[in-house]
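All remarks here apply to the structure that follows.
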Ligand code: ASP
């Protein structure tokens, strides 16, 4: 069943892109025309698909982390999993940042473009309040350590993750005292995964609708004026996804990239179509388990990665900051570029896994080196299109890291078995 669904999702994506292009030939803005009506219907269909994924998201994250932490700690693996996961997050994000800066330098994005072309957009743009790194930290703490019920209802993923980590830890500390609760969440997790399987049945239709609507309603003319930047940043993100990450996976996880892409395809296409790592998370977990990652490891690494590990976003933010500086005729010093990298890492950490979240945290990166926040108005019109590829790479990183972690946990198991 999984194999045929995987193929159906792939075909649906291609058909969706083609149908969207057909619609774009009609008058999409006229709600009475066939194109307008089709876009409305596509919006309804994709809304059902995304709505169902979002419905499962919070209970799934909560149950999977509680169970993951409790089970891993019970078998003495939590410390190792935790350390390898963080090490992988930092390593892959650093590679992405270096690539982002290198591509902006190599191709001199922004040079040759006239800033006056964008003056109107920048003037109209209401710059949000200043977000300095210190303000970022205090906001972060204030918004994260909150009433868990508020976090559940508001869909505050990071708060839910932290609360779940604590509940998982307290279950272990109880040494059997909280077994009933543990069993309850274990069953909750299994139920959620079963529901994910059900939602998967409509994934081909949902993906078709999402991509058709995206192509039909995107403004490709604006993309044209920023074509060089868009091509360079998308090409580099794809390079990171097709070369750097698979190489790391092969070196440290001993998994063939070919096999990875075959199994992970549904999650990658869903990330591309939804531009949301969070909405894709239920599918990423499912694909990681198909790859052989245990529910404990995938249940811990993937929700955490969907929130904290965003290679595509980090790469984009570093490249975009240099693009804006070039456009304004400013030369950033080496120290300023290091500051861009560090803030972009922080920004990708704080960005929630939703469409265009990177644009909001991008303000912090621009301001860290004195660039105006209004400059994001230049990139906003094309962001939904660029977000497709960077979200797919964000999700790819999470699944790959879960496979690497699994490989290393298995290694220790084997070593210990041999020693006894
Ligand atoms: N849309 C991205 C994600 O969900 C975040 C971003 O805007 O870069 O992973």
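In the working numbering, the protein residues as written are -15 to 404.
Just so you know, even glycine gets a beta-carbon here, dropped at the ideal spot from N, CA and C.
Following the continuous alpha helix (DSSP H) through residue i, name the residue where it begins and the one where it ends.
{"i": "residue 212", "result": "211 to 223"}
{"i": "residue 359", "result": "No alpha helix (DSSP H) contains residue 359, which DSSP labels as neither H nor E."}
{"i": "residue 339", "result": "Note, residue 339: premise wrong, no alpha helix (DSSP H); not H, not E."}
{"i": "residue 84", "result": "62 to 90"}
{"i": "residue 163", "result": "163 to 185"}
{"i": "residue 275", "result": "Run containing residue 275: none; DSSP gives neither H nor E here."}
{"i": "residue 17", "result": "Residue 17 -> no alpha helix (DSSP H), and no H or E assigned at all."}
{"i": "residue 243", "result": "241 to 258"}
{"i": "residue 9", "result": "Element bounds for residue 9: n/a, residue is neither H nor E."}
{"i": "residue 146", "result": "141 to 157"}
{"i": "residue 233", "result": "229 to 237"}
{"i": "residue 95", "result": "Counting along the chain, residue 95 falls outside any alpha helix (DSSP H), and DSSP gives it neither H nor E."}
What's the call for residue i, buried or exposed, on a 16-neighbour Cβ count within 10 Å?
{"i": "residue 307", "result": "buried"}
{"i": "residue 193", "result": "buried"}
{"i": "residue 90", "result": "exposed"}
{"i": "residue 203", "result": "exposed"}
{"i": "residue 400", "result": "In this predicted model, residue 400 has a pLDDT of only 48, less than 50, meaning its place in the structure is not dependable enough to derive any value."}
{"i": "residue 197", "result": "buried"}
{"i": "residue 362", "result": "buried"}
{"i": "residue 159", "result": "exposed"}
{"i": "residue 131", "result": "exposed"}
{"i": "residue 119", "result": "exposed"}
{"i": "residue 296", "result": "buried"}
{"i": "residue 4", "result": "buried"}
{"i": "residue -2", "result": "exposed"}
{"i": "residue 11", "result": "exposed"}
{"i": "residue 371", "result": "buried"}
{"i": "residue 126", "result": "exposed"}
{"i": "residue 394", "result": "exposed"}
{"i": "residue -5", "result": "exposed"}
{"i": "residue 25", "result": "exposed"}
{"i": "residue 239", "result": "buried"}
{"i": "residue 0", "result": "buried"}
Report yes if the C-beta distance between residue i and residue j is below 9 Å; otherwise report no.
{"i": "residue 324", "j": "residue 341", "result": "no"}
{"i": "residue 219", "j": "residue 79", "result": "no"}
{"i": "residue 257", "j": "residue 337", "result": "no"}
{"i": "residue 75", "j": "residue 299", "result": "no"}
{"i": "residue 49", "j": "residue 392", "result": "no"}
{"i": "residue 349", "j": "residue 327", "result": "yes"}
{"i": "residue 378", "j": "residue 92", "result": "no"}
{"i": "residue 155", "j": "residue 144", "result": "no"}
{"i": "residue 382", "j": "residue 227", "result": "no"}
{"i": "residue 181", "j": "residue 61", "result": "no"}
{"i": "residue -7", "j": "residue 266", "result": "no"}
{"i": "residue 386", "j": "residue 217", "result": "no"}
{"i": "residue 173", "j": "residue 85", "result": "no"}
{"i": "residue 22", "j": "residue 200", "result": "yes"}
{"i": "residue 19", "j": "residue 8", "result": "yes"}
{"i": "residue 268", "j": "residue 278", "result": "no"}
{"i": "residue 183", "j": "residue 41", "result": "no"}
{"i": "residue -11", "j": "residue 250", "result": "yes"}
{"i": "residue 408", "j": "residue 162", "result": "No answer is possible for residue 408: the residues shown for the chain start at -15 and end at 404."}
{"i": "residue 244", "j": "residue 275", "result": "yes"}
{"i": "residue 358", "j": "residue 332", "result": "no"}
{"i": "residue 213", "j": "residue 335", "result": "no"}
{"i": "residue 53", "j": "residue 152", "result": "yes"}
{"i": "residue 329", "j": "residue 81", "result": "yes"}
Kindly indicate which residue of the options has the alpha-carbon position closest to the one of residue i.
{"i": "residue 248", "options": "36, 266, 272", "result": "272"}
{"i": "residue 46", "options": "148, 5, 71", "result": "148"}
{"i": "residue 137", "options": "38, 282, 357, 365", "result": "38"}
{"i": "residue 293", "options": "380, 65, 263", "result": "380"}
{"i": "residue 242", "options": "162, 360, 384", "result": "384"}
{"i": "residue 259", "options": "85, 18, 287, 195", "result": "195"}
{"i": "residue 222", "options": "283, 83, 246, 314", "result": "83"}
{"i": "residue 225", "options": "21, 373, -4, 209", "result": "373"}
{"i": "residue 289", "options": "394, 376, 16", "result": "376"}
{"i": "residue 34", "options": "57, 77, 186, -12", "result": "186"}
{"i": "residue 313", "options": "275, 81, 355, 274", "result": "355"}
{"i": "residue 234", "options": "15, 389, -11, -12", "result": "389"}
{"i": "residue 320", "options": "351, 358, 122", "result": "351"}
{"i": "residue 207", "options": "28, 133, 367", "result": "367"}
{"i": "residue 315", "options": "65, 95, 66", "result": "95"}
{"i": "residue 72", "options": "237, 254, 317, 27", "result": "237"}
{"i": "residue 177", "options": "150, 1, 283", "result": "283"}
Query raised in the report: Which runs of the alpha helix (DSSP H) fall wholly inside the region 291 to 334 and span at least 4 residues, in chain order?
Result: Correct list: 295 to 311, 318 to 334.
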